Amino acid sequence: MTRKVLLRYSTQKATEPILASVIKKTEILPNILYAELSTKGGEILLSIDAPDKEVDKTIALFKRKGVEVQEIKRAIELDRDSCFDCGACLSLCPTGALYMTDDKSVELDEDKCIYCELCVPSCPVRALKLSRF
Amino acid sequence: MVPEIGGIGLTKTKVNKSVAEINDRIRRGDAVVVTAEEMVEIVRERGEVAAAKEVDIVTTGTFGAMCSSGAWLNFGHADPPIKMQRVWLNDVEAYAGVAAVDAYIGATQLSETHGFEYGGGHVIEDLIRGKKIDVRAIAYGTDCYPRKELETTITKDDINQAVLCNPRNAYQRYVAATNSRDETIYTYMGTLLPNYGNVTYSGSGSLSPLHNDPNYETIGIGTRIFLGGAQGYIFWEGTQHAPTKTMGTIMTIGNLKEMDARYIRGVTIENYGTSLYVGLGIPIPIINERVAKTTGVSDDEIKTDLTDYGAPRRGRPILREVTYSELKSGKVEINGNEVLVSPLSSLKWAREISGVLKKWIEEKRFFLSQPVEGLSTDQVFKPMKQITAVPFVRNLMTREVVTAKPSDSIASAAKIFAKRNFDHLPIVDAKGRLVGIATSWDIAVAVGTGKKKLSEVLTSKVITATEDEPVDAVARKLEKHKISGVPVINARGELRGILTNQDLSKLLGGRGR
Ligand code: SF4
Ligand code: SF4
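Residue numbers (our numbering), protein chains in the order written: chain A, 1313 to 1445; chain B, 514 to 1026.
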């Protein structure tokens, strides 16, 4: 299962290659959905596709290295029954999670979603639903 | 000018077929029907003459927001009878200024209880789905219609006529929209991100019904069409029909009771309002090679204007021309950046509709009609005649503005606020350019927290206006950002004046409200 975790670094931690060392240790390659680094520290949103236990281990490792870890417990759904593939949502999605296939259907790849919610109110038939759990 | 249907008066063609002949072929089961997308290839490969000989009918399709849509309903008479003066369907008001129990429910009318979430478009969809609709009416009462109030529940089966009747459908093409402002705007062209952050467009390009017969050689009054999953008709040119600008439109009509809610959907356009998505397709009889050629139109050949919806004026600036193939690719270049594109009408559904229409014809369930009259080919779309001048910021703004410099002390600013009765102090640099603004609240807080200089407290992200902006656009800004005034600047960022709610109220007084 793919889980998403938000890492928060402090200034001093940001300079350390934490991500690299965790990857090396766990041998799990996470996807970086977005990263924002500044002199004050930074934020990285990772999507980790691995068995639950492995993800738990990775989270623990980050924590041990002094990184603040927050698991994102949200889900987004595209209701195929009401979606009519108008594409209104497409140009609002910053990550390409919503995309158009060759046959002009609109589809959602949740792994890429950063839950910015821009698409949700733009859907004319309310086919996009975000839930928190 | 109205062309003669069938192209009489136009130059002679090599291939000549009549609608009656084509209908005979449908009846015999040997009519050749292709979709407009398929026709592009056929004409490209074999040329229009061969294509005209081979193909009998080209089917088109579009599925998009068509705000100028609605339905005529007749409820039948109550006992005692009522002459409905005002009527609401699921809290959405319908127009009842006609005979006693006739009403027109328009797609963009909003629910009085649910606002943007439910409107006339949704009522129409719910009617088609056979759902129960709450009807509420009031009247002043007459000798023949004594009743003054009525409440009931109906479905489409309980009422007499339910006729979808749309004053403007199937725009031949439409402009593509983007936004130059530094804030997101919400328009009938969808949500437009700041700084040219995205592009939206509408229309199905090569599948567009009217773009397949832009000379109106076969499309006219009485043309039978696919409308919302049923067979409907064109009964006039649409409002704002502008054929010379390749922006033709049609008025359409059809029996709502026969329609399929897959092709008629009530929608909410974010922070704009409600509308109706209408599925529509026109079969084009290939009566000669001229028509074959126009049905062979490809997305590369259909151009439209990429327009800045950030400008609050009728004459919106055009950035450049784009083709439908660029738009359909999903990305468009603006100032060297690749920008994502949203088609607002569904390309998949448009394709499906052209396919359904093709199938209907092949299964002998749909025959073409010979129009009784053509549609105008030289009609122009006039702007509104206005008899009062629109006020601009320059007409209303206050020019004598007290300003301060960033290096000025908080104490001196506090004195200014104490002496004068206003809430905004624009801060300008040595060259008179606006660098920020301080409000009386900012100053109060600064005094309390022991700040010394204005530069420490000023807000540098300021909502501004320009002198040539219409006052209504600025009033909207104030409302949207919940502020009471804006500094007015020129292109160099120099402060020219200030426009406040007080200035605006002078105008409203003048308007006699
Ligand atoms: S919330 Fe919507 S717009 Fe934002 S990333 Fe997810 S799918 Fe894209
Ligand atoms: S905006 Fe809604 S209906 Fe349109 S493609 Fe996206 S999910 Fe589907």
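Backbone N, C-alpha and C define an ideal beta-carbon position, used for all residues, glycine too.
Predicted, not measured: the structure shown is a model, and the values here were computed from it.
- Cβ-Cβ distances below 6 Å link B:Glu-969 to nothing in the same chain once the five nearest sequence neighbours on each side are left out.
- The C-alpha of B:Asp-942 is placed about 6 Å away from the C-alpha of B:Lys-918.
- Within chain A, Asp-1397, Gly-1399, Lys-1416 have C-beta atoms less than 8 Å from the C-beta of B:Leu-860, given in sequence order.
- Using beta-carbon distances, A:Leu-1404 counts as an interface residue toward chain B, with a partner under 8 Å.
- For A:Met-1412, at least one C-beta of chain B is nearer than 8 Å to its own C-beta.
- Annotated three-state conformation of B:Val-987 is helix, per DSSP.
- Here DSSP, grouped into helix, strand and coil, assigns B:Ser-867 to helix.
- Proximity of the beta carbon of B:Phe-629 to ligand 2 is not indicated: no heavy atom of the ligand is located closer than 7 Å.
- Taking a Cβ-Cβ cut-off of 7 Å, the neighbours of A:Pro-1433 in chain B comprise Glu-783, given in sequence order.
- The beta carbon of B:Val-780 falls within 8 Å of a beta carbon belonging to chain A, placing the residue at that interface.
- Under the Cβ criterion of 8 Å, B:Thr-626 is not counted among the residues facing chain A.
- In the three-state DSSP reduction, B:Asp-656 falls in the coil class, being neither helix nor strand.
- For a Cβ distance threshold of 7 Å, nothing in chain B lies close to A:Pro-1342: the least Cβ distance comes to about 25 Å.
- Relative to the non-hydrogen atoms of ligand 2, the Cβ of A:Pro-1436 comes within a distance shorter than 7 Å of at least one.
- The C-beta separation of B:Thr-787 from B:His-590 comes to about 30 Å, leaving the pair out of contact by the 8 Å criterion.
- Put simply, the CB of A:Val-1381 is far from chain B, with every gap to its CB atoms at 8 Å or more.
- Within the same chain, and ignoring the five residues on either side of B:Glu-750 in sequence, the residues whose Cβ sits closer than 6 Å to its Cβ are Leu-888, Ser-889.
- A straight-line Cα-Cα distance of about 18 Å links B:Asn-603 and A:Val-1437.
- In its chain, beyond the 5 residues on either side, Met-910, Thr-911, Val-914, His-937, Pro-939, Gly-998, Val-999, Pro-1000, Val-1001 have a beta carbon closer than 8 Å to the beta carbon of B:Ile-1011.
- Interface annotation, B:Val-999: not in contact with chain A, CB-CB separation never under 8 Å.
- Taking 8 Å as the cut-off, the Cβ atoms of B:Met-597 and B:Ala-675 do not count as close.
- Interface annotation for the segment 845-875 of chain B against chain A: Val-852, Leu-853, Val-854, Ser-855, Pro-856, Leu-857, Ser-858, Ser-859, Leu-860, Lys-861, Trp-862, Arg-864, criterion Cβ-Cβ distance under 8 Å.
- Collapsing the DSSP output to three states places B:Phe-930 in a helix.
- Restricting attention to A:Thr-1370, A:Asp-1397, A:Ser-1443, A:Tyr-1427, the CA atom closest to the CA of A:Leu-1345 is found in A:Tyr-1427.
- DSSP, reduced to helix, strand and coil, places B:Asn-692 outside both helices and strands of the structure shown, so it counts as coil.
- Per DSSP, reduced to three states, the secondary structure at B:Phe-880 is coil, with no helix or strand assignment.
- Rounded to the nearest whole angstrom, the C-alpha separation of B:Pro-896 and A:Asp-1421 is 45 Å.
- Between B:Lys-871 and B:Val-885, the alpha-carbon positions lie close to 23 Å from each other.
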